[in-house]
Structures are given as structure tokens and as C-alpha cells.
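The sequence shown begins at 1 in full-length UniProt numbering and counts up one residue at a time. Written out below as C-alpha cells is the structure these notes cover.
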Amino acid sequence: DIALWKFETSRYYVTIIDAPGHRDFIKNMITGTSQADCAVLIVAAGTGEFEAGISKNGQTREHALLAFTLGVKQLIVGVNKMDSSEPPYSESRYEEIKKEVSSYIKKIGYN
């Protein structure tokens, strides 16, 4: 399911939609993303996890492409599981992920 949280500031009405990223819930992810002005793409840094996500048929690529295709023009990328990198919290691993994800999202239309 999709979880919703709503709040407002003096300038904005904000609704946060938490859409599951697992492949079994792609319809829910599309439903949530189609309503979004901005998206947060969470990328796993774990050895093997990042590589699977950024691979040709990986979920990281799929979710970024779907977000852009569904009209989300602002994308925030968060890198989690840095404690699973080798060595833990590796700056070089972070920079590698940043470089690959940045390159891909620019190719699909984000700047």
C-alpha cells in the first residue's frame, strides 16, 4: 500500500507519499509517483545491491525512468546502507554511486 502524510507550511501544502519500491508493488509505485511534483529515489550502497539496481533491468533505473516519464521534474537521490559498503561509510563508494546515478538520470532527462 501507499502511505500518506500531510502537513502545511506558511507557503505550501505538502503531501508525502511513501510508495513501495519492491518489484511486486510497481503498480502502487506508479500510482504514487503519478501524483508527485518531486520524488526521492533511495539507492542502496551495499556491495551487489547498488550494482543490481543500476543494471540494465535494475529497479533504480526503472524507478528513475518511471518518475521522469510520469512528469516528476525534481528528483532527490538519497544513498542508504553506506554501512554495508566496503569499507563501511566509504567516501569512494559514495562518489562511485553518485557518478553512476548522476550519469544515468541526466541521460533520461534530469539535470
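Backbone N, C-alpha and C define an ideal beta-carbon position, used for all residues, glycine too. Remember, predicted model here, so these are calculated numbers, not experimental data.
Would you mind working out which of the options sits nearest residue i, comparing C-alpha positions?
i      : options                    : result
LEU4   : TYR13, ILE17, SER10, TYR12 : ILE17
LYS107 : LEU65, GLU96, LEU70        : LEU65
Whole angstroms are fine: how far does the CA of residue j sit from the CA of residue i?
i     : j     : result
GLY48 : GLN35 : 31 Å
ALA67 : TYR12 : 22 Å
Give me, in chain order, the residues of the same chain whose beta-carbon lies closer than 6 Å to that of residue i; leave out the 5 immediate sequence neighbours on both sides.
i     : result
GLU86 : THR47
ILE30 : none
For residue i, I'd like the list of residues in its chain whose CB is within less than 7 Å of its CB, leaving aside the five on either flank, ordered along the chain.
i     : result
ALA44 : PHE50, GLY53, ASN80, LYS81
GLY58 : ALA52
Tell me, to the nearest whole angstrom, how far the beta carbon of residue i is from that of residue j; I am working on the premise that it is less than 8 Å.
i     : j     : result
ARG61 : TYR94 : ARG61 to TYR94, Cβ: 19 Å. No contact.
ILE14 : LYS6  : According to the sequence displayed, residue 14 carries Val and not Ile. Rounded, the Cβ-Cβ distance is 7 Å, consistent with contact.
So, for residue i: in the same chain, excluding its five sequence neighbours on each side, which residues have a beta-carbon less than 8 Å away from its beta-carbon?
i     : result
GLY78 : VAL40, LEU41, ILE42, VAL43
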